[in-house]
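Numbering (the UniProt record's numbering), first residue to last: 1 to 67.
See below for the structure under consideration.
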């Protein structure tokens, strides 16, 4: 079995309390199963931790690269 090992990028947004909005894959790895697994991992991070200023970042981009 050959696995496609390209990076994927996932965009997340959340409110100031860390509650995450639905994630969006902005660059697919080309493998739907890998993309779904990466998306599930990011969604499990709900809620995001609060930053030192007492708020969570409004949005961020996560890049995942397999080793």
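A virtual CB, placed ideally from N, CA and C, is assigned to each residue, including glycine.
Item, Value
"Counting only the same chain and skipping the five closest in sequence on each side, list residues whose C-beta sits under 8 Å from that of residue 59.", "11, 12, 13 and 14"
"Buried or exposed: residue 36, going by 16 or more other Cβ atoms within 10 Å of its Cβ?", "exposed"
"To the nearest angstrom, how far is it from the Cα of residue 25 to the Cα of residue 43?", "12 Å"
"Helix, strand or coil: how does DSSP classify residue 63 here?", "strand"
"Give the secondary structure of residue 32 by DSSP, where H, G and I count as helix, E and B as strand, and everything else as coil.", "helix"
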